[in-house]
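Going by the working numbering, the letters in the sequence shown line up with residues 670 to 815, in that order.
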Amino acid sequence: MENNIVVGLDIGTTKIAALIAEVTHKEIKLLGVGTHPSVGLKRGMVVNIEHTVDSIRKAMAQAERMAGITAKSVYVGIAGDHVRGINSHAVVAVGRDDHEITDDDVRRVIDAAKAITMPMDREIIHVIPQEFIVDTQEGIRNPIGL
């Protein structure tokens, strides 16, 4: 069962919500739910880290007690005015004789696209490739093997 456990955490301005579920090929079975008022947050921003951590711990503990398990990892939703989406692009050369695109080429182009100047109070938390362009062919979702 442990391999199929998913834990989600929503850190909102008014409440913290934790969900623990078991995922199978047929269904998602809710095992535990925990909520606690958000303390230490104001308009989506952490203003008191200790209070925020305490609110998260209480919501997680409630969900873990209900589910009868201890969470090992958690998916956290991040939202608010402080979160921004930025589009970037990059170009890398494929230098092999067969000119076939590999996982390494994809990693290199993503790393190059992440190499943008960011203000000191910002950081990249997630990268989602939208498309790849190979030899002027646009709209490619997975270029590996081309």
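Virtual Cβ for every residue (Gly too), placed ideally from N, Cα, C.
The structure displayed is predicted, hence computed values, not measured ones.
**OP:** Flag this pair as yes or no: are the beta carbons of leucine 688 and glycine 681 separated by less than 7 Å?
**Re:** At least 7 Å separates the beta-carbon of leucine 688 from that of glycine 681.
Original post:
If you drop the 5 nearest sequence neighbours on each side, which residues of the same chain put their C-beta closer than 8 Å to that of methionine 787?
Top reply: Annotation for methionine 787: Ile793 place their beta carbon closer than 8 Å to its own, counting only its chain and skipping 5 residues before and after.
Subject >> Counted within 10 angstroms of its Cβ, other Cβ atoms place methionine 670 as buried (16 or more) or exposed >> reply: Unreliable placement is indicated for methionine 670, whose pLDDT of 48 sits below 50; no coordinate value is reported for it.
**OP:** Mind checking which residues open and close the beta strand (DSSP E) that includes histidine 705?
**Re:** 697 to 706 is the extent of the beta strand (DSSP E) around histidine 705.
**OP:** Measure the C-alpha to C-alpha separation of leucine 699 and asparagine 673 and round it to an integer number of angstroms.
**Re:** Cα to Cα, leucine 699 sits roughly 12 Å from asparagine 673.
Original post:
Which partner residues of methionine 714 appear in the DSSP bridge assignment?
Top reply: In the DSSP secondary-structure assignment, methionine 714 is bridged to Lys711.
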